[in-house]
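To keep things clear, I will list the structure first and then write my remarks on it.
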Amino acid sequence: MSNGGPTASAAQEEWTLLATGVRQFRYSWSTLTGRRININALNKLVGDACQTLDEFDTLGSGENFGQAAAPLDTETSSMIAGRRIRQASRQAATYTPHYRRWFALHNIDPRSLDASSFAKQVPVTSKTILRASPYGFVSDTAKPILRDQSTGSTGIPAPIWFSRYELDLYAAEAALGLLSLGVRSNHILASCINSRTSYSAITGQRSTALIGTGFIQIGTVTPRLVIEQLATPMNLPSKSPQITHLLIPPSVLAGVIQQAEHDGWKPTDFGLHKLLVGGEIMTKALRQRAEETLGAASTVEQYMAAEIAPVGGVICSQGHLHMSVKHGLVEVVDPLDGSATTPGAVGELVVTPYTAYRETTLLLRYGTGDLVRTMPAEQRINCELRSMSAFSPILGRLGTGPGPLERDILEMLHAERAIPLPARYAVEGPAGDLSLHVVVGRRSAPLLSRLESQIAERNLGIKRLVLVDTPNDMLHQCSTRADLSEGAFESAAIERAMDMAGQ
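Oh and the sequence shown: position 153 is 1003 in our numbering, straight run, nothing missing.
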């Protein structure tokens, strides 16, 4: 009897490890073959990870519960990519009106495609084409339950439909991703992503629920309302006293920083562990200022978009954008002809989600409109994410006209603390005779001189610098995601209360 307890416990532990190993193998096999993923097994993997963390406070150095495994050799990777491309092409050509017409018109058999012929024969699907006929990309066999759309901060929103399978899958994978970032059941995650992007809100809520983490959908509200949420103790059982993780676009974050500095908030007023940013360009200067002002220990910069979900990326410690090839084919192409860019050149990110992860809105070679630089041929990648494809961080967007890239301008503006956040600017004029208009709140000769020196030092190719007091003083507005404001009944009352408290 005395030995029965330990023996039973050891047997149960061995059975649990075996069950976890089987689930990990089934998940890996599905990703390798492109087959539909067993959601129940994936959810149980999330549970396995949570249980391991509860017992050992670490996931260990071995298997990472469904995250990317060791890289495959080039030949195997090419073979798997070719199989997935044919699967995605057959699915789109058979079941979507747009691609069915295109493949028939050009007499191309999707079963004959490999990675090389796919890139040469199938054109990039632009945002314009998707917006013009969004339902032409919805599969005939789909069971759509949720319509999402891009924020539209840089143009007309693009509608995307998702099925229950897709939402279940994305939630489980997002949960595994959050666990790898250190999110735990006693934490509280708040999202300032605009509520019109319902996919993000639902995925955030469902992924945190799988872990047991608290979730608050704040949305795009006034900076003061965000600060009030961050500073207020929750007094919830089994949870941290305050919000610990904040999911937020950089321009919304910039407004929060500006307001917090203006109102005299201190880092110790908040309980943030991590900032999770994405959707816009995050500069080094803004990252430093955010961590100083809000007291967050670190910032994780992610790249994602509803149109290409769940394909995404993350910025490593050395500043590379790393994209996983598990969820889809990622290319960087010349915006003019769709051909592959040369090493070290700037091109557009083009993504084809694989069929194991997409079954409703199907897109082949979707042009994201986001520009990156490919790695120079001689540059060796030696960072913590070196097993994943690497590019520069997002540099800007297509269609912004001549002049310097958005990242180059924002890096300069965010480094100048006299400029109000979020930084707003406009580049005007023909190539070779460009003017940079910047909203500075209060014009001054010293500020003008510093910015002119920075323009010359950074070789931005700007002929004239024009400082203006407000965005209304510019001919062309600079829209950001912070402008996608959502009204809240409590906003006015909180604003008045804070104003009175500061008097």
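Glycine included, each C-beta is placed from N, C-alpha and C at the ideal position.
Identify which residue in 1270, 1305 and 1254 has its Cα closest to the Cα of residue 1293. 1270
Could you name the residues that DSSP lists as bridge partners for residue 1202? 1179
Counterpart residues of residue 1149 in DSSP-defined beta bridges: 1125
Assign residue 1192 to buried or exposed, taking buried as 16 or more other Cβ atoms, counted over all protein chains shown, within 10 Å of its Cβ. exposed
Counting only C-beta atoms, is residue 1060 closer than 8 Å to chain B at any point? Within the model displayed, chain B is absent; a lone protein chain is all it includes.
Beta carbon of residue 965, beta carbon of residue 1006: below 8 Å? no
To the nearest angstrom, report how far apart residue 1028 and residue 1306 are at their CA atoms. 42 Å
Could you work out which residue in 1134, 900, 1081 and 908 is closest to residue 1262 when comparing CA atoms only? 1134
Among residues of its own chain, excluding the 5 on either side of residue 1141, which ones have a beta-carbon nearer than 8 Å to its beta-carbon? Cβ neighbours of residue 1141 beyond the five flanking positions: 1125, 1147, 1148 and 1149.
Residue 902: first and last residue of the uninterrupted alpha helix (DSSP H) it sits in: 889 to 906
Look up residue 1323 in the DSSP assignment and say whether it is helix, strand or coil. Residue 1323: helix per DSSP, three-state reduction.
Give the range of the alpha helix (DSSP H) segment to which residue 1102 is assigned. Looking at the DSSP string, the run of the alpha helix (DSSP H) that includes residue 1102 is 1100 to 1113.
Touching or not, the segment 1098 to 1114 and the segment 1072 to 1081, by the rule of three or more beta carbon pairs under 8 Å? yes
If you reduce the DSSP assignment to three classes, tell me which class residue 972 lands in. Residue 972 falls in the coil class under three-state DSSP.
Using 8 Å as the threshold, is the segment 1037 to 1046 in touch with the segment 1008 to 1020, meaning 3 or more CB pairs across them? no
Quick check on residue 1252: buried or exposed, where buried means 16 or more other Cβ atoms within 10 Å of its Cβ? exposed
Going along the chain, which unbroken runs of the beta strand (DSSP E) with 3 or more residues stay wholly within the segment 1232 to 1287? 1239 to 1241 and 1275 to 1278
How would you label residue 1058, buried or exposed, when you count the other beta carbons within 10 angstroms and need 16 or more for buried? buried
Closer than 7 Å to a non-hydrogen atom of the ligand NAD - does that hold for the CB of residue 893? Here there are no bound small molecules, and the ligand NAD is not part of this structure.
Residue nearest to residue 1207 in terms of C-alpha spacing, selected from 1096, 969, 1159 and 1138: 1159
Cutoff 7 Å; reference residue 1205; Cβ partners in own chain excluding five residues on either side: 884, 937, 938 and 941
Output needed for residue 914: all residues of its chain with C-beta closer than 7 Å, excluding positions within five of it in sequence on either side, in chain order. Bear in mind that a pLDDT of 44 at residue 914, under 50, signals an unreliable position, so the number given afterwards is only what the model happens to contain. Closer than 7 Å at Cβ, skipping near neighbours: 1030.
Report the option in 1009, 1334 and 1034 whose CA atom is closest to the CA atom of residue 899. 1034
Option nearest residue 1009 by Cα separation, candidates 987, 1019, 992 and 1026: 987
Buried or exposed by the 16-neighbour rule on C-beta atoms within 10 Å, applied to residue 905: exposed
Identity of the residues DSSP links to residue 1011 by a beta bridge: In DSSP, residue 1011 forms a bridge with 997.
Unbroken stretches of the beta strand (DSSP E), 3 residues or longer, contained in the segment 1005 to 1067: 1009 to 1013, 1038 to 1041 and 1064 to 1067
Pick out whichever of 957, 1023 and 1156 has its Cα sitting closest to the Cα of residue 888. Of 957, 1023 and 1156, the residue nearest in Cα terms is 1023.
So is residue 1169 buried or exposed if we call it buried at 16+ other beta carbons inside 10 Å? Burial state of residue 1169 is exposed, judged by a 10 Å Cβ sphere holding fewer than 16 other Cβ atoms.
Those residues which DSSP pairs with residue 1217 across a bridge: 1200
State the DSSP-derived secondary structure class of residue 1335, mapped to helix, strand or coil. Of the three classes helix, strand and coil, the one that applies to residue 1335 here is coil, per DSSP.
What does DSSP give as the partner residue(s) for residue 1095 in the beta ladder? 1039 and 1124
In three-state terms, what does DSSP make of residue 932? Three-state result, residue 932: helix.
Quick one: residues in its chain with C-beta nearer than 7 Å to the C-beta of residue 1100, no 5 flanking neighbours on either side, listed in chain order? 1127, 1130, 1131, 1132 and 1136
Inter-residue Cα distance where the pair is residue 1264 and residue 945: Going by the C-alpha atoms only, they are around 47 Å apart.
Go through its chain and collect everything with a Cβ distance to residue 1171's Cβ below 8 Å, but skip five positions before and after it. 1153, 1163, 1164, 1165, 1222, 1240, 1241, 1242, 1243 and 1244.
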